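One structure is given here, and the rest of the page talks about it.
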Ligand code: CA
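In the numbering used here, the protein residues as written are -19 to 576.
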């Protein structure tokens, strides 16, 4: 009751605050400050997260999408400024990429949002209005810079290193001054993007650091209160200490060592924590993740294929579901915090379809407004990649908005990670939350099933029969997805109607008597589903108990009581699952059979 009154008061307070603010809204006025209600996803709060921990969102594509006609809506369906939706959902930093001159001689944009300092200015003003800081990501290129591409801008390509250094410093200074003059709250500036051994056409570390140093001087001059960041990719390849050593050797003045971390390619979280901690302690630099993302669906929504889809030959530590997306972000946040890191930025969580209903319609929008990853006009600058593969969005299935611009529940992850769910009070999340019945308690140690919770790390004596062509059907070691212990039985299937199977065992040596059986399941994305526990005698089903699959971490039991067993017969107990939706998944754990 007390909780209800508090909630009412909090709601009233919110209304008053909302009524009182039109322009210049403070972040604390709109961002929640307590546990969340009404979210079907479950996340345990990350404990000890500092108040100023950075939850960033790269939103560089937004202006080009809005020009294409895209509108954004909050989780409840209200149309709003997308930056307001972000701040309401716990984002406190906006990141924006800046290219020198992503246009051809006729003024046609290369795409990828045609992001220049003017884009950063527009985004920066909107971020500042909502009390978020801006992270300016200079690529020092006219188009995408990453470990495979660090091409100098057209205007600088024939300059020698000294002239390029001066040009870079002047450009950085002028760009930042534009933002400063407009009152944009710049908190951090990257001098290069994923600069693994190259920057702006230079590939020797002395030259790279000389250019970075020019950028750093400009930041210190215009925004002395902002942090200077460097950014690398591939934490899994072991090169970070060497990079940090080179930066030190050539005397770079910087504050933050940042990394990309995409779970598909970038190694384990444990490795990430270790390597960031090493940089933190050995070089005394702050560390953070500047880019990450995770797919919430395998489906494409803009008629341009995605980098990640079901069946991609990459690591897949979580299912491609909303819960998988938020689990990825939560685990990453924990890993960064474990390294004493200062934040996590999500990459382009606002990049969705340009909104056309056919590929041709979208193609027109991509060409006209630069709302795809590259337009055909980029061919002059990047003939090998953009020139061949130009088109739309390759990450729409990793955004926090659906194809119509409505926020997904997973956007609540930032607040869930900070505050936890209201709907599951004091959840003993990863622990066993099964209170045994009196009968079970009395019969402790009398579970007549073998390997009842799959803790043997092997199937036997369980038998799974794959009836529908379920893609993944196997035991799995993942404590967070187990009801107790570390192991459970896992299923997942990307194609509609293929998730159909039984999982059963036939214990030997039973005495005649009356038996009870129970087994647990949880999962999601199942659509129409038929799920039940069953008991068979000599292969014929004699009892069924319906079961439910709802959302992640909500376990449901199927229980059959009063199975009459006579010696010489074969008793088989198990679970049957049939789910209609593509992407149906679930976990089975903690079976028990005991004699009454
Ligand atoms: Ca796409």
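Backbone N, C-alpha and C define an ideal beta-carbon position, used for all residues, glycine too.
All values reported here derive from a predicted model rather than from experimental measurement.
Residue 445 carries a strand assignment under DSSP once its states are collapsed to helix, strand and coil. Among the bridge pairs identified by DSSP, residue 457 is matched with 467. Beta bridge pairing from DSSP links residue 364 with no other residue.
When C-alpha distances from residue 79 are compared across 522, 501, 99, the shortest belongs to 99. Counting only residues of its own chain and dropping the five nearest sequence neighbours on each side, residue 29 has a CB closer than 8 angstroms to the CB of 313, 317, 397, 398.
Between the stretch 360 to 380 and the stretch 275 to 294, the count of Cβ pairs shorter than 8 angstroms is three or higher; the stretches touch. In the DSSP assignment, the residues bridged to residue 170 are 117, 209.
According to the DSSP assignment, residue 559 belongs to no alpha helix (DSSP H) but to the beta strand (DSSP E) extending over 551 to 559. When rounded, the separation of the alpha-carbon atoms in residue 467 and residue 300 is 20 angstroms. Taking the Cα positions, residue 343 is about 17 angstroms away from residue 42.
The DSSP-derived three-state label of residue 37 is strand. Under the three-state reduction of DSSP output, residue 220 falls in the helix class.
Taking the Cα of residue 495 as reference, the smallest distance to any Cα among 476, 551, 461, 473 is reached at 551.
Per the C-alpha coordinates, the member of 212, 228, 54, 311 positioned closest to residue 249 is 311. Checking the 7 angstroms criterion, the Cβ of residue 342 is out of range of every heavy atom belonging to ligand 1. When the Cα atoms are used, residue 523 and residue 338 turn out to be separated by approximately 51 angstroms. A residue is called buried when at least 16 other Cβ atoms come within 10 angstroms of its Cβ; residue 198 meets this threshold and is buried. Between residue 330 and residue 37, the CB-CB gap stays under 8 angstroms. Annotation for residue 381 indicates a beta carbon at 7 angstroms or more from all heavy atoms of ligand 1.
The continuous beta strand (DSSP E) containing residue 512 extends over residues 509 to 517. Residue 266 has 236 as its beta-bridge partners, per DSSP.
Excluding its 5 nearest sequence neighbours in each direction, residue 72 has C-beta neighbours in its own chain below 6 angstroms: 35, 112, listed in chain order. Closest option to residue 471, judged by alpha-carbon separation, among 182, 559, 401: 559.
Pairing residue 469 with residue 439, the inter-Cα distance amounts to about 9 angstroms.
Around ligand 1, the residues whose beta-carbon falls short of 5 angstroms from at least one of its heavy atoms are 280, 282, 284, 286, 373, 376, given in chain order. In this structure, the straight-line span from the alpha carbon of residue 92 to that of residue 499 is close to 50 angstroms. In this structure, 120 is the residue among 128, 175, 572, 120 with its C-alpha nearest to the C-alpha of residue 150. When the five nearest sequence neighbours on each side are left out, the beta carbons in the same chain lying within less than 6 angstroms of the beta carbon of residue 457 are those of 466, 467, in order along the chain. Residue environment for residue 76: buried (at least 16 other C-beta atoms within 10 angstroms of its C-beta).
Counting of Cβ neighbours within 10 angstroms places residue 549 among the exposed residues, the total staying below 16. Around the C-beta of residue 480, 16 or more other C-beta atoms lie within 10 Å, and the residue is accordingly described as buried. The beta carbon of residue 379 sits closer than 6 angstroms to the beta carbons of 329, 331, 332 from its chain, once the five residues preceding and following it are set aside; these are given in chain order. Judged by DSSP secondary structure, residue 78 falls within the beta strand (DSSP E) whose first and last residues are 73 to 78.
Secondary structure of residue 305 (DSSP, three-state): helix. Residue 288 sits in coil when the DSSP states are folded into three classes, being neither helix nor strand.
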